[in-house]
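Numbering (the UniProt record's numbering), first residue to last: 1 to 102.
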């Protein structure tokens, strides 16, 4: 069993102040519950890592408008890679202005 599960597993570690993206799960966000999953972004962010909590969880600096618990498992985080030509391209609307556009 282990040999079939491990090829998809990725070992990630983040440092404090690294920017990460959060994989969106529509059930977690009240604003997305009524929307079709094809209309919702797969990842939201970038958000800075504040601290490492345990072996595989990280606390993020989230805006208060999201109203969710700020600790996430490493499996739903992805490292953020900034676009050098247009730095604002990868940011979501809720990150840059504080208000979410749906």
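Beta carbons are placed, not taken as given, at the ideal position from N, Cα and C, and that holds for glycine.
Item                                                                    : Value
Pair within 8 Å by beta-carbon distance, residue 50 and residue 60      : yes
Span of the beta strand (DSSP E) around residue 3                       : Per DSSP, residue 3 belongs to no beta strand (DSSP E); it is in the alpha helix (DSSP H), 2 to 5.
Bridge-paired residues (DSSP) for residue 79                            : 20
Residue 12 (DSSP reduced to helix, strand or coil)                      : coil
Residue 62 and residue 68 closer than 8 Å at C-beta                     : yes
Span separating the alpha-carbon of residue 163 from that of residue 85 : Residue 163 falls outside the range modelled here, since the chain spans only 1 to 102, and no answer is possible.
Separation of residue 2 from residue 11, as counted between CA atoms    : 15 Å
Where residue 101 falls: helix, strand or coil (DSSP)                   : For residue 101, the pLDDT reaches just 46, beneath the cut-off of 50, and the residue's location in the model is therefore unreliable, leaving the point undetermined.
Residue 48 to residue 18 span [Cα, whole Å]                             : 5 Å
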